[in-house]
Each structure stands twice: as C-alpha cells, then as structure tokens.
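What follows is one structure encoded as structure tokens, with my remarks underneath.
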Amino acid sequence: MHNKTLSELSALLHNGDITSVELTQHFLNRIKTHNVNLNAFISVTEESALAQAAAADKQFADKTAGKLTGIPMAHKDIFCTKGVRTSCASKMLDKFVAPYDATVVEKIAASGMVMLGKTNMDEFAMGSSNETSFYGPVKNPWDTERVPGGSSGGSAAAIAARLAPAATGTDTGGSIRQPSSLCNLTGLKPTYGRVSRYGMIAFASSLDQAGPMTANAEDAALLLNVMSGFDERDSTSVERDVPDYTANLNDSLQGLRIGLPKEYFGEGLAPEVAEIIDAAIKQFEKLGATVKEISLPNTSLAIPTYYVVAPAECSSNLSRMDGVRFGHRCDDPKDLLDLYQRSRGEGFGDEVKRRIMIGTYALSAGYYDAYYLKAQKCRRLISDDFQQAFEEVDVIMGPTAPTTAFKLGDKTDDPVAMYLADIYTINTNLAGLPGMSIPAGFANGLPAGLQIIGNYFDEARLLNVAHQYQQVTDWHKQIPTAFQ
C-alpha cells in the first residue's frame, strides 16, 4: 500500500477498496516502526489524523470526495498548524503551539488530505544536511550513516522510506531540491510568489518558497494544484490564475530546447554524478529534445551573494525571537539585557547564531553599501543571465547537487564546505525562478538527481518534462531495501 502513488491511492479510496482510516493507520504504523531509526518526524498527530480520515470516509460515503481526499501527507515543521507544535526544529520554538494554520496547511486540509504529523528539518531551515535540528539529525533511508540533505530532510526521508506518500517542503537556497536529489524524490520549488508564504515561519523572506515533495512528477502536479494561488494575506503572493498542472503532463517533448550551463559541469562536480546527468540528457534527446551548451557567467557569484542576502534577512526576521514576544525564555533573568542575551543564546543553535551574526554585520552602519547593496546588484546580474539564456532555450538542466549523500558529521566542522552543497540550486532562488529535482540514477547505491529550471511561472512545463522522463525510466520507483 505504501508503495503506491497519490493517483493510485485516490483510485483505491474512490473505489472503496480501502478506507482513509485504514490507509492512515497503515502509515501511522510505519512511522511507529521506522521513525526511531530515521528521526524524520518531530511530531506525529495520530489522534487528529484518524479524525480527519474518518471525516474523509464520510465524504466518500456522501460522494463529495475530491481527488486527494483521504490521502495522508506530512508538513515540514516550518508551517504553522493550529493547535499543534510548530518548532522549526529549534529549542527557541520547542513549546510554541501555533494559534492558526498557514495558508498551505489550510489549502491542503481543504482538499481533504490527512496530516500525519510535522517533519524534522534544519533549525529555522538553515542547513544543507538536516544536522542542525534541536531534535537531532535525520538519517537517509538509503544509508542511515548518511545525511538526507536539508533543510527539508525530514520530509525527504519520510517519503523515501514511504512513511508518507507526499509532504511539503520549503526552499530558500535548494532545501526542497537538494534533499530530493539525495533521497531519490521529485521535489519542486515554484516561482517566487506562486505559493503563499503566510504562516510559513520566515528565514529569508525574498528567497523562501514552499513546494511539494513526492515520489513522481504527477504526484507533484496534484499537490501543486492544491498549494498554489493568490493570498491577500501574503504581500509577496502573485495574483495570477493557477493552471491545472496535470493537464499537459503527457505533451510530447519533440523540439524541446534544453540548455546545459557549462558552469554546472566543471570543477567540484563528482564524476559519478556527471555520468548520471549525462545519461539523463541523452534520454531526453531520445524523446525529441535538442541540447545546446549555454553560459550563466555569474554563477560563481551565487554563494557569496546568497550568504550575504539570506543571513541579512534572517537577522531581521529572527529578531522577534527575544524571549518576550516569541520563543524560549531563560530562567530568572537579572534584567532585560540578560533576558535577551540568555534567551537567544540558549534558544538558537550554532548555525543560526552564525547566520544572525553575519547578517547583522552586513546590515550594520558603514557596511550596508559594501555588502548587502552589492549583493543585491549581483543578484540582478544572476537573474539577467537566466533571462538571456531563456531567449535561446526552454529549460535548463544540470546536476541538483555536486555529490551523492555524504556521511553524517563529515561537514559539520566546515561551514563553507556545507554551503557548497547548494551551489547548483541557489541561483534559482536568487532569481525567483522555478526549479525541480527528479531521480536520475544511482552511484554506489546512492541516488542522484537531475535539476530542471524553467522561466517564471513555467511549472507546468517542468512537470511535463519530468513526467515524460519518468514514463521511460524507473529511477523514481526505486525504494530503499529496508523500507520496501
């Protein structure tokens, strides 16, 4: 049952072959069995999940059920969920119970899906390995001595181990796509503004974007249909009609123009990953696509630009976590300054503190122009590179991550090496473009993903491209042996 797609589960539910309560209990049992080894979930909402499932079964009885009604899923623990702990994997919010639902949570609940619980993540979404969580690292189901990627590593591990058929993630610099690559999933970061950020606890407001994480492209399209749309409560939400993302999945790729950025295939890319990407590109050529080399000349600016912009915005956003209005409060503060210092010192982990310090420095008087303003100018150059490329090609392809999953602890003492894990994904966030990662093969038993980048609001094309590839390959159907 746990190996089936959203469409297959929907058919079983609508045909009466299984009830939502039975299906939900099946996944809850798998979580009880396997989460102890993976640490993918922070909170499991068994009681409310079964209540939602019972309500879904009533809809089936009344013939009012929709396509996704009754199907279990999980939310990254960055989305506010009314009456349920929303921790952002931080001690700072360990006791925070959200008083309202995020828009994404509202929309998915309205579709009839059942929330199994909240998944583990890097603290405040800051990390590329899911090792910065207050609740401990998540482990990769393909090799539990390795990382699942981050920051949406809990969602990725949960789907890879089939503890949930789908989950939400957020992507600030690759946090949906990179763990999708390392765990053999399909993960999509939509265009900035396509999915509401209301109720999604902010890391870097101009970069954060929510998206679906699933086993395949068709499932991603179904979930994106539900998640997308204008939200007047989010000032960055784009007022634009939402297409049916499943409508064009079966369109031919004949004549599709694929661009391969030469900057994505140089030093730093593991040879075994390069081979996997090369084989995937050849498969697209067999499907009728044409391939040409392109250049994104400002790619080298991505890491330094991102690590000025993102920490600056996180420094501002996390200033509200002061032990007064939000978050952990220290015991017996001597005065207001002691309250601030000890509450924040105790509540935040090392990586969050590092980024707050970098961001505060970059925004401080005398340094704003030298760092933050210059980074924003570089960001425009990066965006312009993509727009010039899209005059010649329809989509851009390349590796999602430079390597397969690395060992737990390998990079925790080297922040720069950790930051380089997102070198191929950061640019799309800086430019606000949609991008996705799809399973493309294995090296030494570990999965690697192909990244597909599109122009603004071109998610339907990305999903079509991914779906057509998945019709002629079976990488996305591979499941870790221990979780079959």
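Using the UniProt record's numbering, the letters of the sequence shown map in sequence onto residues 1 to 484.
From the three backbone atoms N, C-alpha and C, an ideal C-beta is built for every residue, glycine too.
Using 8 Å as the cut-off, can you tell me whether the stretch 462–469 makes contact with the stretch 217–230, which would need three or more C-beta pairs spanning the two stretches below that distance? With a cut-off of 8 Å, the stretch 217–230 and the stretch 462–469 count as touching, because enough Cβ pairs lie within range.
Out of curiosity, what's the CA-to-CA distance linking Arg379 and Thr305? Indexing the sequence shown from 1 puts residue 379 at position 379. Indexing the sequence shown from 1 puts residue 305 at position 305. Roughly 7 Å between the two C-alpha positions.
Per DSSP, which one or two residues make a beta bridge with Glu293? Taking the sequence shown and counting its residues from 1, the one referred to as residue 293 is at position 293. Per DSSP, Leu260.
In its own chain, which residues sit with a C-beta less than 6 Å from the C-beta of Leu9, not counting the 5 before and 5 after it? Position 9 of the sequence shown, counting from 1, holds the residue named residue 9. Only Ile71 meet the Cβ criterion.
Strand pairing of Asn140, partner residues [DSSP]: For the purposes of this step, residue 140 is identified with residue 140 of the sequence shown, where counting begins at 1. DSSP output for Asn140 lists Asp143 as bridge partner(s).
Is it buried or exposed, Thr64, if we count other Cβ atoms within 10 angstroms and call 16 or more buried? Against the sequence shown, residue 64 aligns to sequence position 64. Classification of Thr64: exposed, given that the 10 Å Cβ count is below 16.
Rank Tyr340, Asn225 and Ala389 by C-alpha distance to the C-alpha of Asp332 and give the top, closest one. Within the sequence shown, residue 332 is the residue found at index 332, counting from 1. Looking at the Cα atoms, Tyr340 is the closest of the given residues.
Measure the Cβ-Cβ separation of Ile277 and Ala440 and say whether it is below 8 Å. Counted from its first residue, the sequence shown places residue 277 at position 277. Counted from its first residue, the sequence shown places residue 440 at position 440. Cβ atoms of Ile277 and Ala440: closer than 8 Å.
Backbone secondary structure at His26 - three-state DSSP: As a first step, residue 26 must be located in the sequence shown, where it is residue number 26. Taken through DSSP and simplified to helix, strand or coil, His26 comes out as helix.
Rounded to whole angstroms, what's the CA-CA distance from residue 505 to Gly288? Just pull it up for me. Here the chain covers residues 1 to 484 and nothing more, so residue 505 does not appear.
Helix, strand or coil: which one does DSSP assign to Pro148? As a working mapping, residue 148 is identified with position 148 in the sequence shown. Coil, per DSSP.
Run through DSSP, which three-state label would Ser43 get? Locating residue 43 in the sequence shown gives position 43, counting from the first residue. DSSP places Ser43 in strand when its eight states are reduced to three.
Continuous alpha helix (DSSP H) stretch holding residue 515: start and end: In the structure as shown, the chain begins at 1 and stops at 484. Residue 515 is therefore absent and cannot be evaluated.
Can the beta-carbon of Met227 be found closer than 8 Å to that of Ala210? By 1-based counting over the sequence shown, the position of residue 227 is 227. By 1-based counting over the sequence shown, the position of residue 210 is 210. Closer than 8 Å, so yes.
Could you round the C-beta distance between Met434 and Thr172 to whole angstroms and report it? I think they count as a contact, below 8 Å. Along the sequence shown, read from residue 1 onward, the residue named residue 434 stands at position 434. Along the sequence shown, read from residue 1 onward, the residue named residue 172 stands at position 172. For the record, residue 434 in the displayed sequence is Pro; it is not Met. Contact flag wrong, Cβ pair sits at about 14 Å.
Where do the N-terminal and C-terminal ends of the alpha helix (DSSP H) with Phe284 fall, by residue? Position 284 of the sequence shown, counting from 1, holds the residue named residue 284. Note, Phe284: alpha helix (DSSP H), Pro271 to Lys286.
Go through the stretch 318–349 residue by residue and report every complete run of the alpha helix (DSSP H) that reaches 4 residues or more, in order. Counting only runs of 4 or more, we get 336–347.
Per DSSP, what kind of secondary structure is Ile18 in: helix, strand or coil? The residue labelled residue 18 in the question sits at position 18 within the sequence shown. If DSSP states are grouped into helix, strand and coil, Ile18 belongs with coil.
Measure how close the beta-carbons of Thr24 and Lys76 come, nearest whole angstrom, since I'm counting them as under 8 Å. Taking the sequence shown and counting its residues from 1, the one referred to as residue 24 is at position 24. Taking the sequence shown and counting its residues from 1, the one referred to as residue 76 is at position 76. Contact between Thr24 and Lys76 does not hold, since the beta-carbon distance rounds to 19 Å and is not under 8 Å.
Which term fits Gly445, buried or exposed, when burial requires 16 or more other beta carbons within 10 angstroms of its beta carbon? Within the sequence shown, residue 445 is the residue found at index 445, counting from 1. Gly445 is exposed by the Cβ-count criterion.
Taking the straight line between their C-alpha atoms, what separation do you get for Ala165 and Ala158? Numbered from its first residue, the sequence shown carries residue 165 at position 165. Numbered from its first residue, the sequence shown carries residue 158 at position 158. The amino acid occupying residue 165 in the given sequence is Pro; Ala does not appear at that position. The straight-line gap from Cα to Cα measures roughly 8 Å.
Can you tell me where the beta strand (DSSP E) with Ile78 in it begins and where it stops? In the sequence shown, residue 78 corresponds to position 78, counting from 1. Segment: none, Ile78 is in no beta strand (DSSP E) and carries neither H nor E.
Backbone CA spacing between Gly153 and Ser295 [nearest angstrom]: Position 153 of the sequence shown, counted from the first residue, corresponds to residue 153. Position 295 of the sequence shown, counted from the first residue, corresponds to residue 295. If you take the alpha carbons of Gly153 and Ser295, they lie about 31 Å apart.
Under 8 Å, with one C-beta from each stretch per pair, do the stretch 178–186 and the stretch 125–140 reach the 3-pair mark? In short, these stretches touch, since the Cβ pair count reaches three.
Give me, in chain order, the residues of the same chain whose beta-carbon lies closer than 7 Å to that of Asn248; leave out the 5 immediate sequence neighbours on both sides. To locate residue 248, count along the sequence shown from 1; it is residue 248. Result list for Asn248: Ala460 and Asn464, in chain order.
Counting only runs that start and end within the stretch 426–472, where is the alpha helix (DSSP H) found for 4 or more residues in a row? 426–431 and 459–471
Counting C-beta neighbours from all protein chains within 10 Å, is the total for Val324 16 or more, i.e. buried, or is it exposed? Translated into the one-based positions of the sequence shown, residue 324 becomes position 324. Per the 10 Å Cβ criterion, exposed.
Beta-carbon proximity check, Val97 vs Gly117, cutoff 8 Å: The residue labelled residue 97 in the question sits at position 97 within the sequence shown. The residue labelled residue 117 in the question sits at position 117 within the sequence shown. Not closer than 8 Å, so no.
Beta-carbon gap between Asn451 and Tyr424 smaller than 8 Å: To locate residue 451, count along the sequence shown from 1; it is residue 451. To locate residue 424, count along the sequence shown from 1; it is residue 424. Just to set this straight, residue 451 is Gln in the shown sequence, not Asn. In contact: Gln451 and Tyr424 (Cβ atoms closer than 8 Å).
Determine whether the beta carbon atoms of Ala167 and Pro141 lie at a separation below 8 Å. One-based indexing of the sequence shown puts residue 167 at position 167. One-based indexing of the sequence shown puts residue 141 at position 141. For Ala167 and Pro141, no; Cβs fall outside 8 Å.
Which residue wins for smallest C-alpha separation from Gly150, given the options Val242, Gly136 and Tyr368? Here residue 150 refers to the residue found at position 150 when the sequence shown is read from its first residue. The shortest Cα separation from Gly150 among Val242, Gly136 and Tyr368 belongs to Gly136.
Thr186 - DSSP class collapsed to helix/strand/coil: Within the sequence shown, numbered from 1, the residue matching residue 186 stands at position 186. Of the three classes helix, strand and coil, the one that applies to Thr186 here is strand, per DSSP.
Relative to the C-alpha of Phe390, which residue among Pro261, Leu301 and Ala54 is closest? For this step, residue 390 is matched to residue 390 along the sequence shown. Comparing Cα-Cα distances from Phe390 to each of Pro261, Leu301 and Ala54, the minimum goes to Pro261.
For Arg355, which of helix, strand or coil comes out of DSSP? For the purposes of this step, residue 355 is taken as residue 355 along the sequence shown, with counting starting at 1. Reduced to three states, the DSSP call for Arg355 is helix.
Can you pull the DSSP bridge partners for Ala210? As a first step, residue 210 is located in the sequence shown; it is residue number 210 there, counting from the start. Thr170, per the DSSP bridge assignment.
Are there 16 or more other CB atoms within 10 angstroms of the CB of Met357, so buried, or fewer, so exposed? Here residue 357 corresponds to residue number 357 of the sequence shown, with the count starting at 1. Classification of Met357: exposed, given that the 10 Å Cβ count is below 16.
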